[in-house]
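One rule links them: number in this note's numbering = place in the sequence shown (from 1) + 43.
The C-beta atom is built at its ideal place from N, Cα and C for all residues, glycine as well.
Everything on this sheet refers to the single structure shown next.
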Amino acid sequence: MLGLRSAALRLRHRHTPLQFLVIPMLHMANAGFYREVTRLLRDADVVVVEGVRGRSAIGTALTATYRVLRLRRIELVPDNVPYRALGKPLVAPDVTAVEFKREWRNMSLWIRAALWPLLLGFTAVRMVTPRSRLLRQVIDQELNDLPSDLDEALAEHPLGQAMIVERDRRLVEALGELHEQRSEERITVAVAYGAAHVPVIVEYLTSRGYFVRSATWLPVIRP
Numbered sequence: 044m045l046g047l048r049s050a051a052l053r054l055r056h057r058h059t060p061l062q063f064l065v066i067p068m069l070h071m072a073n074a075g076f077y078r079e080v081t082r083l084l085r086d087a088d089v090v091v092v093e094g095v096r097g098r099s100a101i102g103t104a105l106t107a108t109y110r111v112l113r114l115r116r117i118e119l120v121p122d123n124v125p126y127r128a129l130g131k132p133l134v135a136p137d138v139t140a141v142e143f144k145r146e147w148r149n150m151s152l153w154i155r156a157a158l159w160p161l162l163l164g165f166t167a168v169r170m171v172t173p174r175s176r177l178l179r180q181v182i183d184q185e186l187n188d189l190p191s192d193l194d195e196a197l198a199e200h201p202l203g204q205a206m207i208v209e210r211d212r213r214l215v216e217a218l219g220e221l222h223e224q225r226s227e228e229r230i231t232v233a234v235a236y237g238a239a240h241v242p243v244i245v246e247y248l249t250s251r252g253y254f255v256r257s258a259t260w261l262p263v264i265r266p
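Set out below in structure tokens:
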């Protein structure tokens with residue numbers, strides 16, 4: 044039986060009352076996971092959220108492989124946390140669809156032309172992969188929190204600059220501003236960001252004197 048869980052990390056500073064609650068998010072999960080995340084966010088004072096603002100064709104294509112899971116009747120749903128209905132101040136440092144599209148157009152034409160068939164082929168393979176094997180693949184991808192060779196190569200690529208490097212830079216800059224402006228307040232800043240960004244978040248907060256003091260397990264995919 045396969046299952047997956049995520050650890051919501053609570054980081055505290057030794058000398059100041061501000062604390063960060065880092066919640067590794069996934070594009071698809073059991074509905075109960077998003078209910079638990081919503082509950083945690085309602086108890087926070089400020090919420091930092093991920094999400095490219097606006098729509099683009101390439102962004103839609105890159106997330107199509109997740110939507111395939113719904114077509115295969117795997118009991119996973121997309122992120123449905125009502126961030127804007129929480130009644131909390133939201134910080135959204137992510138890139139916009141226009142900026143993302145600009146980086147996409149900076150790529151050479153032949154690379155862009157080659158990427159579309161790869162995305163379509165990957166989506167098609169997911170449509171015919173046996174459901175049990177597909178679920179195992181999803182879990183294996185999410186379990187690995189270290190950068191793959193592809194991740195490292197993408198980080199050097201113009202598209203990777205928009206997808207990873209620039210987004211991480213804006214994120215830690217926003218966290219730094221919260222630390223500088225509100226570290227003396229007894230508040231909780233919840234950071235609901237994709238699991239791939241969590242190593243950068245924790246590394247940055249640790250450099251500012253915040254360390255993981257406790258964690259809450261959240262079931263993502265129940266066996």
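**Request:** Helix, strand or coil for L214, going by three-state DSSP, please let me know.
**Result:** Assigned with DSSP and collapsed to three states, L214 falls in helix.
**Item:** Cross-strand partners of Y236 (DSSP beta bridge)
**Value:** Bridge partners of Y236: P67.
**Asked** Thinking just about the alpha-carbon of each residue, which of I264, L129, G219 is nearest to the one in V243?
**Response** The residue with the shortest Cα to Cα distance from V243 is G219.
**Message:** Can you tell me where the alpha helix (DSSP H) holding L84 begins and where it ends?
**Reply:** L84 -> alpha helix (DSSP H) spans 74-85.
**Message:** Within a Cβ cutoff of 8 Å, which residues of the same chain sit near L186, ignoring the five residues on either side of it in sequence?
**Reply:** Caution applies to L186, whose pLDDT of 48 falls short of 50 and renders its modelled position unreliable; the value that the coordinates give is listed next. If we look at L186 and ignore the five residues flanking it on each side, its Cβ neighbours are L47.
**Asked** What residues match up with T231 in a beta bridge as DSSP calls it?
**Response** In the DSSP output, where bridge partners are listed per residue, T231 has Q62.
**Asked** What's the C-alpha gap between Q224 and T59?
**Response** Using only the alpha carbons, I get a separation of about 12 Å.
**Request:** Quick one: residues in its chain with C-beta nearer than 8 Å to the C-beta of Y77, no 5 flanking neighbours on either side, listed in chain order?
**Result:** Same-chain partners within the cutoff: V120, D122, N123, V124.
**Message:** By the three-class DSSP mapping on this structure, what secondary structure does V134 have?
**Reply:** The answer is strand: DSSP assigns V134 an E or B state.
**Request:** Ignore the nearest five residues each way along the sequence and tell me which others in A50's own chain have a CB closer than 8 Å to its CB.
**Result:** The residues are P67, A258, T259, W260, L261.
**Request:** In the DSSP assignment, find the unbroken alpha helix (DSSP H) run with S250 in it and report its ends.
**Result:** Here the alpha helix (DSSP H) through S250 covers 241-250.
**Request:** Throw me the rounded Cβ distance for the P132 and V89 pair, which I believe falls under 8 Å.
**Result:** That pair is a contact at about 5 Å.
**Request:** Indicate whether R248 and V65 have their beta-carbon atoms separated by less than 9 Å.
**Result:** Checking the sequence shown, residue 248 turns out to be Leu, not Arg. Yes; because the gap between Cβ atoms is below 9 Å, this pair is in contact.
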